[in-house]
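A.B. asks:
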Amino acid sequence: MADSIYDEIEIEDMTFDKDRNLYTYPCPCGDRFEILLDDLREGEEIAVCPSCSLMIRVIFEAVSLVFFPRCAVSCGVYEG
Amino acid sequence: MLYAFGSNGRGQLSLGHLEDAHTPAPCLIPSLFPSVPPREIAAGGNHTVLLFPSGECFFAGDNTENQCCLPSTIFPSLTSFHPLSSDHRWEHVSAGWSFTILVDYEGKIFVSGNGQKGELGLGEELRDALLEEIIDFSPGKVIQIASGMAHTLLLTASGDVWGWGAGRKGQLGEPTQSIVPRPRKVEVGFPVSKLDCGKDFSILVNRDNPQHMEILGNDRYRIGPSLASWSGTGILDVQASWNGVYLLETSGTIKAWGKNDRGQLPPPNLDGITSIAVGSEHALAIAEDKTTKERKIITWGWGEHGNCGKSGGGDVIGEVFTLDISAPENVRIGAGCATSFVWMEG
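First to last, the sequence lines map onto chains A and B. Residue numbers for the first sequence follow our numbering, beginning at 1 and rising by one. Residue numbers for the second sequence follow our numbering, beginning at 1001 and rising by one.
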């Protein structure tokens, strides 16, 4: 499994798509890795690219998503 | 003749459709396309820019953010190269994820596209632009411009470096700032002769001592220390992939460091290399046989979208793949996000 993780990306570097409740990050193929905020909250940490086999592990503090979702969201949008 | 292969979901290969190409396919080109080789082949996340010595520019691919310098309402995507009609003669171009930077022969700097992290250099509030000039910025004669995923560096004839965009990893120097919304001087401590941008790092070559190169920003693959111990004859070219640095040495050999989980680094025995083109996670090179002078175009690295030119797609790891097209004397190569381009005379 470890071999298939292309990269580890801090959530601060990801973009939050408010309409889709989704964190995204550019993939070297031109598409974007995606993971739902709800999945992150449930402990999922692997974001996948819809167009290729690459995946990234999202680095984040679970506590910030559970207790401070607004902060985590705004960090993704404005602090990256 | 222009060929392209690789990722084509937004038409960035200019093939007239949105299907990937696994082997070199002839691009659709407009009737007024110059017959001379392009001066630059620049590629963003999903768009491609060709700049010709005449100062003409052609765009293909995703234009939903105006990154092809045309109004997205009329041209949301371009599946074949479209000229940029303007009064400007363009001298330099660079492309980032969803933006393009153009410099004209008067030294004016224009930006187009979208950037949430200062990529446009137009200030904190401006995140969308359609070919807008960065005003109140006159750095002097520009000799090179380069963009990573979300940051841009501009090099002047005096060896000064200016940068803007995402800076959270220190890729725009000190002080580290998440967003550098307008061009600022990058203090590097030496005059620079050449530079390039990786995904979230920068590489700068010291003009006074080309053996000395510096990495700014994310260096988790410890490229900086490797460069410090490099002692080659001289450098013809320096390029960065998303996670690596490639030196073309005057001896015709390549030295490279960085991420290597998909064969991104070339095998050690390559020689006779006359030029390189480094994409996000793959590369192309032109190799010339010392005795017969025959040229071939080779590829290696991550090739899932067919961007290494292998029929059926796939990575090229620990070896190189030779493209099944002959390479005349006048040939140019380019590479982007899983995209590859070959221009040749004829």
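All C-beta atoms, glycine included, are put in the ideal place defined by N, C-alpha and C.
(1) Quick one: complete beta strand (DSSP E) runs, 3+ long, within the segment 1090 to 1178 of chain B?
(2) Give every residue of the same chain whose Cβ lies closer than 8 Å to the Cβ of aspartate 31 of chain A, excluding the five residues on either side of it in the sequence, and list them in chain order.
(3) Helix, strand or coil: how does DSSP classify leucine 1350 of chain B here?
(4) State yes or no: is the beta carbon of threonine 24 of chain A nearer than 8 Å to at least one beta carbon in chain B?
(5) Would a check of beta-carbon distances place glutamine 1116 of chain B closer than 8 Å to chain A?
(6) What are the boundary residues of the alpha helix (DSSP H) that includes proline 1225 of chain B?
(7) Just to confirm, is the Cβ distance from serine 1007 of chain B to cysteine 1308 of chain B under 8 Å?
(8) Taking its Cβ as the centre, do 16 or more other Cβ atoms sit within 10 Å of asparagine 1243 of chain B, making it buried, or is it exposed?
(9) Using Cβ-Cβ distances below 7 Å, what residues of the segment 1330 to 1342 of chain B are close to chain A?
(10) How long is the line joining the alpha carbons of glutamate 1294 of chain B and alanine 47 of chain A, rounded to whole angstroms?
(11) Could you pull out every residue in the same chain whose Cβ sits closer than 7 Å to the Cβ of aspartate 1219 of chain B, ignoring the five residues on either side in sequence?
(12) Are the CB atoms of glutamine 1067 of chain B and serine 1112 of chain B nearer to each other than 8 Å?
(13) Can you confirm whether tryptophan 1097 of chain B, when its beta carbon is compared against all beta carbons of chain A, has any partner nearer than 8 Å?
(14) Evaluate isoleucine 1074 of chain B with the Cβ neighbour count: other Cβ atoms within 10 Å of its Cβ, from every protein chain shown; 16 or more gives buried, anything less gives exposed.
(15) What is the C-beta distance between proline 1181 of chain B and glycine 1118 of chain B, in whole angstroms, given that I count them as a contact (C-beta under 8 Å)?
(16) I need the boundaries of the alpha helix (DSSP H) containing arginine 41 of chain A, first residue and last residue.
(17) Run the CB neighbour count on valine 1142 of chain B, radius 10 Å, all protein chains shown included, and call it buried at 16 or more, exposed below.
(18) Judging by CA-CA distance, which residue of B:Ser1226, B:Leu1216, B:Asn1209 is the nearest neighbour of threonine 1152 of chain B?
(19) Within this structure, are the beta carbons of isoleucine 56 of chain A and phenylalanine 33 of chain A separated by less than 8 Å?
(20) Along chain B, which residues have their Cβ under 7 Å away from the Cβ of aspartate 31 of chain A?
(21) If I measure Cβ to Cβ from threonine 1292 of chain B and keep anything under 8 Å in the same chain, skipping five residues before and after, which residues do I get?
(22) Output needed for threonine 1274 of chain B: all residues of its chain with C-beta closer than 6 Å, excluding positions within five of it in sequence on either side, in chain order.
(23) Could you list the residues in the segment 1302 to 1320 of chain B with a C-beta less than 9 Å from some C-beta on chain A, going in chain order?
(24) Would you mind sorting threonine 1100 of chain B into buried or exposed? The rule is 16 or more other CB atoms within 10 Å of its CB.
(25) Straight-line CA distance for proline 1038 of chain B to histidine 1082 of chain B?
(26) Could you check whether glycine 1301 of chain B and lysine 1310 of chain B sit closer than 8 Å to each other, using their CB atoms as the reference points?
(27) What does the alpha-carbon distance come out to for the pair glutamate 1329 of chain B and glutamate 1345 of chain B?
(28) Quick one: measure Cβ to Cβ for proline 1183 of chain B and phenylalanine 1137 of chain B, integer angstroms, because I've assumed they're closer than 8 Å.
(29) Report the rounded CA-to-CA distance for glutamate 45 of chain A versus aspartate 1271 of chain B, giving the unit in angstroms.
(30) For the segment 1224 to 1249 of chain B, enumerate the residues whose C-beta is nearer than 9 Å to any C-beta of chain A, in chain order.
(31) Taking beta-carbon pairs under 9 Å, can you tell me which members of the segment 1167 to 1196 of chain B lie near chain A?
C.D. replies: Let's see:
(1) 1090 to 1096, 1099 to 1104, 1109 to 1114, 1128 to 1133, 1142 to 1147, 1151 to 1156, 1161 to 1166, all fully within the segment 1090 to 1178 of chain B.
(2) So the qualifying residues of the chain are Cys49, Pro50, Ser51, Cys52.
(3) Lying outside 1001 to 1346, the shown extent of chain B, residue 1350 of chain B is not represented and no answer is given.
(4) No - not a single Cβ of chain B is within 8 Å of the one on threonine 24 of chain A.
(5) Judged by the 8 Å Cβ criterion, glutamine 1116 of chain B is in contact with chain A.
(6) Per DSSP, proline 1225 of chain B belongs to the alpha helix (DSSP H) from 1223 to 1228.
(7) No, the pair does not count as a contact, with Cβ atoms beyond the cut-off.
(8) Its Cβ being crowded by 16 or more others within 10 Å, asparagine 1243 of chain B is buried.
(9) Per Cβ criterion, the list reads Cys1337, Ala1338.
(10) Straight across, the Cα-Cα distance linking glutamate 1294 of chain B with alanine 47 of chain A is about 45 Å.
(11) The answer, listed in chain order, is Phe1201.
(12) Going by C-beta atoms, glutamine 1067 of chain B is nearer than 8 Å to serine 1112 of chain B.
(13) By this cut-off, tryptophan 1097 of chain B is an interface position.
(14) In summary, isoleucine 1074 of chain B is exposed, with fewer than 16 beta-carbon neighbours lying within 10 Å of its beta-carbon over all protein chains present.
(15) The Cβ separation is near 4 Å, so the contact holds.
(16) 37 to 41 is the extent of the alpha helix (DSSP H) around arginine 41 of chain A.
(17) It is buried - the Cβ of valine 1142 of chain B has at least 16 other Cβ atoms within 10 Å.
(18) Taking only the C-alpha atoms, the option nearest threonine 1152 of chain B is B:Leu1216.
(19) Yes, they are a contact pair.
(20) Result: Gly1009.
(21) So no residue of the chain qualifies.
(22) Ile1286, Glu1288.
(23) For the segment 1302 to 1320 of chain B, the beta-carbon criterion of a distance under 9 Å to any beta-carbon of chain A is satisfied by Trp1302, Glu1304, His1305, Asn1307.
(24) So threonine 1100 of chain B counts as buried.
(25) Per the coordinates, the alpha-carbon of proline 1038 of chain B lies some 15 Å from the alpha-carbon of histidine 1082 of chain B.
(26) Contact: no.
(27) Distance from the CA of glutamate 1329 of chain B to the CA of glutamate 1345 of chain B, rounded to the nearest whole angstrom, comes to 8 Å.
(28) Contact between proline 1183 of chain B and phenylalanine 1137 of chain B holds: their C-beta atoms lie close to 5 Å from each other, under 8 Å.
(29) The straight-line gap from Cα to Cα measures roughly 43 Å.
(30) If the cut-off is 9 Å between Cβ atoms, the segment 1224 to 1249 of chain B has Ser1241, Trp1242, Asn1243 near chain A.
(31) Flagged, chain order: Arg1168, Lys1169, Ser1178, Ile1179.
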